[in-house]
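Engineer:
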Amino acid sequence: NAGVTQTPKFQVLKTGQSMTLQCAQDMNHEYMSWYRQDPGMGLRLIHYSVGAGITDQGEVPNGYNVSRSTTEDFPLRLLSAAPSQTSVYFCASSYPSTGRLGGEQFFGPGTRLTVL
Amino acid sequence: GQSLEQPSEVTAVEGAIVQINCTYQTSGFYGLSWYQQHDGGAPTFLSYNALDGLEETGRFSSFLSRSDSYGYLLLQELQMKDSASYFCAVRPRSDYKLSFGAGTTVTVRA
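Chains A and B are the protein sequences, given in the same order.
According to the working numbering, the stretch in the first sequence is residues 423 to 538, in order.
According to the working numbering, the stretch in the second sequence is residues 21 to 130, in order.
Right, dumping it as structure tokens:
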């Protein structure tokens, strides 16, 4: 099992550029989510999905789009990058359970994004 | 969203015991989770409390009291490798979003 994989590991963009952060998992988890983490801060939810074809907004969705065409993949698109989007981005997956399985999320290694 | 409060930093010596508190304001949630994150790494799951009481996993224990809106993570026999950030998180009954606290940085000194 590869678990949750993310690409790229590092990325530098110029203001106004767009790009897609890739996330894939091989654990057949229905629930997937994207977080951003800024220095000294916790994880803030950007978007999440409870299954293929279903997505919803999290706490900080502005400037980001997602889609979920398969169970395995959950890409995050930055539409027009801004310096405020400089952050570390983590993708995570879990079972959509209300019990322990739902409370245990598996995180990818993260993408470190810098917007100049 | 949910509001979870944790102390920002804790420092202790090797072999000591550290308790990281997490207080929350939410009308209802399924359980309280704890995650560990080393510098530059991804968060990793440590424990989950669905019911009130203590859950023990090796040197780490986690506690939940719904009536007090409070939980804690207990780190025993501290080791240098325990230096990391620790986050509490809850999933509310209203949706599938997992909300995280801002995290507590634990520094273990020799």
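Don't be surprised by glycine CBs; every beta carbon is placed ideally from N, CA and C.
#1: Can a CB atom of chain B be found closer than 8 angstroms to the CB of A/P465?
#2: So, with DSSP's three-state summary, where would you put B/D102?
#3: Roughly how many whole angstroms lie between the Cα atoms of B/L24 and B/F120?
#4: Let me see if you follow: with CB-CB separation under 8 angstroms, is B/L118 close to chain A or not?
#5: For A/A503 and B/P63, what's the separation of their Cα atoms in angstroms?
#6: Per DSSP, which residues does A/R534 bridge with? Please list them.
#7: Count the C-beta pairs between the segment 428-439 of chain A and the segment 486-505 of chain A that are closer than 8 angstroms, then say yes if the count reaches three, no if not.
#8: Which residue spans inside the segment 68-112 of chain B form an unbroken alpha helix (DSSP H) run of at least 4?
#9: Output yes if chain B places a C-beta closer than 8 angstroms to the C-beta of A/P461; else output no.
#10: Could you tell me which of B/S114, B/L95, B/Q45 and B/Y90 sits nearest to B/T127, measuring between CA atoms?
#11: Under the rule that 16 or more other beta-carbon atoms within 10 Å means buried, what is B/T124, buried or exposed?
#12: Strictly below 7 angstroms CB to CB, what residues from chain B border A/G530?
#13: Helix, strand or coil: how does DSSP classify B/G121 here?
#14: Quick check: is the beta carbon of A/E526 nearer than 8 angstroms to any beta carbon in chain B?
#15: Report the rounded CA-to-CA distance for B/D102 versus A/Y470, giving the unit in angstroms.
#16: Taking C-beta to C-beta, are B/L71 and B/Y55 nearer than 8 angstroms?
#17: Helix, strand or coil for A/G524? Go by DSSP, reduced to three states.
#18: Would you kindly report the start and end of the unbroken beta strand (DSSP E) that includes B/F49?
#19: Chain B partners of A/F512, CB-CB under 9 angstroms?
#20: When you compare the CB of B/Y44 with every CB in chain A, is at least one pair closer than 8 angstroms?
#21: Does the CB of A/Y470 have a neighbour CB from chain B at under 8 angstroms?
#22: Select from A/Q433, A/V426 and A/T492 the residue whose C-alpha is nearest the C-alpha of A/K538.
#23: Using a 10 Å radius around the Cβ and a threshold of 16 neighbouring Cβ atoms, would you call B/N69 buried or exposed?
#24: Within the chosen definition, does the segment 34-42 of chain B reach the segment 473-493 of chain A through at least 3 CB pairs nearer than 8 angstroms?
Structural biologist: Let's see:
#1: The sequence given here has Leu at residue 465 of chain A, not Pro. For A/L465, the nearest beta carbon of chain B is closer than 8 angstroms to its own beta carbon.
#2: B/D102: helix per DSSP, three-state reduction.
#3: Here the alpha carbon of B/L24 sits roughly 7 angstroms from the alpha carbon of B/F120.
#4: Taking Cβ atoms only, chain A reaches closer than 8 angstroms to B/L118, which makes this a yes.
#5: One C-alpha to the other measures close to 25 angstroms.
#6: BP columns for A/R534 point to A/F432 and A/V510.
#7: Yes, the segment 428-439 of chain A touches the segment 486-505 of chain A.
#8: Restricting attention to alpha helix (DSSP H) runs no shorter than 4 residues, the segment 68-112 of chain B encloses none.
#9: Taking a beta-carbon distance threshold of 8 angstroms, A/P461 does not count as an interface residue toward chain B.
#10: Of the candidates B/S114, B/L95, B/Q45 and B/Y90, the residue whose Cα lies closest to the Cα of B/T127 is B/L95.
#11: Classified as buried, B/T124 has 16 or more neighbouring CB atoms from the shown chains inside 10 Å of its CB.
#12: Chain-ordered, the chain B residues with CB closer than 7 angstroms to the CB of A/G530 read A62.
#13: The answer is coil: DSSP assigns B/G121 none of H, G, I, E or B.
#14: Answer yes: the Cβ-Cβ gap between A/E526 and chain B drops below 8 angstroms somewhere.
#15: Cα to Cα, B/D102 sits roughly 30 angstroms from A/Y470.
#16: In terms of Cβ geometry, B/L71 and B/Y55 do not form a close pair [threshold 8 angstroms].
#17: Reduced to three states, the DSSP call for A/G524 is helix.
#18: F49 to Q57 is the extent of the beta strand (DSSP E) around B/F49.
#19: Near A/F512 (Cβ distances below 9 angstroms), the residues of chain B are A62 and P63.
#20: The Cβ of B/Y44 sits no closer than 8 angstroms to any Cβ of chain A.
#21: Output row for A/Y470: interface = yes.
#22: In the sequence on display, residue 538 of chain A carries Leu and not Lys. Among A/Q433, A/V426 and A/T492, the Cα nearest to that of A/L538 is on A/Q433.
#23: B/N69 should be labelled buried.
#24: With contact defined as three or more Cβ pairs closer than 8 angstroms, the segment 34-42 of chain B and the segment 473-493 of chain A are not in contact.
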